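Going letter by letter, the sequence shown gives residues 1 to 99 in the UniProt record's numbering.
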Amino acid sequence: MPRALFEFGDGVYALQSVYGLSEEAWSVELTKETDQGISEVALVVVPDEDLERPCEASLYSDEPIPVAVLRALLHEVAETGRAAGAEAERLRSASSAAD
1 MPRALFEFGD GVYALQSVYG LSEEAWSVEL TKETDQGISE VALVVVPDED
51 LERPCEASLY SDEPIPVAVL RALLHEVAET GRAAGAEAER LRSASSAAD
């Protein structure tokens, strides 16, 4: 289920986050639905376990992304990264306390 929907011009943008166990990372996906169907616009992979690993961003469209939609995407990526960092730090602290 999309986390947020934005109507602009000829379509509706949907923003959602999904955790990938095999990648140990969150995927923040932006799609656009038009009369022709649903297409991927952007995907950002945010590492969860390895905080030294950089985020990976992919754009799948040459169309400009409306500023409000881009801001929402970047905010979601930042919040996902912040949550991943806080969880990794919590796990490190718990591991150190147990030693």
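Glycine included, each C-beta is placed from N, C-alpha and C at the ideal position. Given the structure is predicted, the values throughout are model-derived calculations rather than measurements.
Here Thr34 has Asp10, Gly11 as same chain residues with Cβ atoms under 7 Å from its own Cβ, once five neighbours each way along the sequence are excluded. Looking from the CA of Leu51, the closest CA among Gln36, Gly81, Ala72, Ala42 belongs to Gly81. Counting other Cβ atoms within 10 Å of its Cβ, Ala84 reaches 16 or more and is therefore classed as buried. When DSSP states are grouped into helix, strand and coil, Ser93 belongs to the helix group. Nearest to Arg53 by C-alpha distance, out of Ala14, Tyr13, Ala25, is Ala25. Within the segment 33-87, the complete beta strand (DSSP E) segments of 3 residues or longer fall at 37-47, 56-59, listed in chain order. Of the residues assessed, Val45 falls on the buried side of the cut-off, its CB having 16 or more other CB atoms within 10 angstroms. Under DSSP, Glu29 forms a beta bridge with Gln16, Leu43. When secondary structure is reduced to three states using DSSP, Leu5 falls in the strand class. Distance from the Cα of Tyr60 is smallest, within the candidate group Ser22, Ala42, Val69, Val77, for Ala42.
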